[in-house]
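Residue numbers (the numbering used here): 75 to 379.
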């Protein structure tokens, strides 16, 4: 997929996930073949106030998509200028369904205000030469589905691509994603469209490409348990063994030790608890891990698998 002057190596991308996409995890997904990795959402107001990026990044993970979330055009424009040196792509979050985010008139709120959405996109596009993308939802609720209109507004204001999570804001992460809407959005825009929602494994990723004709697929929750899902997408003959799963966990620990400046027991433990899925006695492993409070203990357990 081509975004401005940037050509991605493949069309299977890591979704921006709050509380998941630490630097070590992004490096792990890149190792397994992700065509693009993304940071968790970064609040524009925080960036402008502190005049810095609040997350760790590395040259080794690039190309990198940094996702901004905000509620004000001037503030998000200034935030863009601050984060631009660290990003290859700047993504705008217009879909987050969190009540806390909606209360700030940010994220999924913009499904109800496409005029302001357009101004936000325009502000960021005018502040950078990097490709600007936007992630949206199907609409506010089932009676207010407006992804096609939102996509057109985003395109008209100079964005390089649109990602559609084909659930409404009110759905959150429940119910079914409407892949038909993704297909309709793809056929209605001239800029690339990325599909997201109900991609539970490599089969779903390939099926989404086939059914919707999207330019790329964004993989979220499936990657949390199986970061090698990207390798599966690229090589259908790759069938992960127990050894592959264990090696994935150990590699994550190695990356965590190498890249994370703050070794947080809870963060390391949570990722390993996700990744033991597929191992024998996964429930037993999760129970043991949940009771551990010491970083070295968690690390030692991971290496003993």
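C-beta: ideal position from N, C-alpha, C; glycine also.
Q: Compare the C-alpha of residue 162 against each of 207, 345 and 300 and name the closest.
A: When the alpha-carbon of residue 162 is set against those of 207, 345 and 300, the nearest one is in 207.
Q) Leaving out the 5 sequence neighbours to the left and right, which residues in its chain are closer than 6 Å to residue 269 when beta-carbon positions are compared? A) 256, 282, 286, 288 and 291
**Q.** At least 3 beta-carbon pairs within less than 8 Å: the region 325 to 338 vs the region 107 to 120
**A.** no
Q | Beta-carbon contacts of residue 198 that lie in its chain and below 8 Å, excluding the five residues immediately before and after | A | 142, 150, 151, 154, 164, 166 and 206
**Q.** Under 8 Å between C-beta atoms of residue 138 and residue 157
**A.** no
Q.
Quick check on the DSSP output: the beta strand (DSSP E) that includes residue 86 runs from which residue to which?
A. Start and end: 86 to 88.
Q) What's the call for residue 345, buried or exposed, on a 16-neighbour Cβ count within 10 Å? A) buried
Q: Could you check the C-alpha separation between residue 78 and residue 216 for me, to the nearest Å?
A: Rounded to the nearest angstrom, the two C-alpha atoms are 34 Å apart.
Q) How would you label residue 234, buried or exposed, when you count the other beta carbons within 10 angstroms and need 16 or more for buried? A) buried
Q. Among all the DSSP beta bridges, which residues are the ones paired with residue 379?
A. Paired residue(s): none; residue 379 is not in a bridge.
Q: Go through its chain and collect everything with a Cβ distance to residue 274's Cβ below 8 Å, but skip five positions before and after it.
A: 295 and 296
(Q) If you measure between the beta carbons of residue 201 and residue 241, is that distance less than 8 Å? (A) no
**Q.** Cβ of residue 306 within 8 Å of any chain C Cβ
**A.** Among the chains of the structure shown, chain C does not appear; only one protein chain is present.
Q.
For residue 238, report the span of its beta strand (DSSP E) as first-last.
A. 235 to 239
Q.
Comparing C-alpha positions only, which one of 248, 209, 219 and 245 sits nearest to residue 229?
A. 209
Q: Following the continuous beta strand (DSSP E) through residue 166, name the residue where it begins and the one where it ends.
A: Secondary structure note for residue 166: its beta strand (DSSP E) is the uninterrupted segment 163 to 168.
Q) Which residues mark the beginning and the end of the beta strand (DSSP E) in which residue 140 is found? A) Bounds of the beta strand (DSSP E) holding residue 140 are 138 to 143.
Q.
Please state the DSSP three-state secondary structure of residue 202.
A. DSSP places residue 202 in coil when its eight states are reduced to three.
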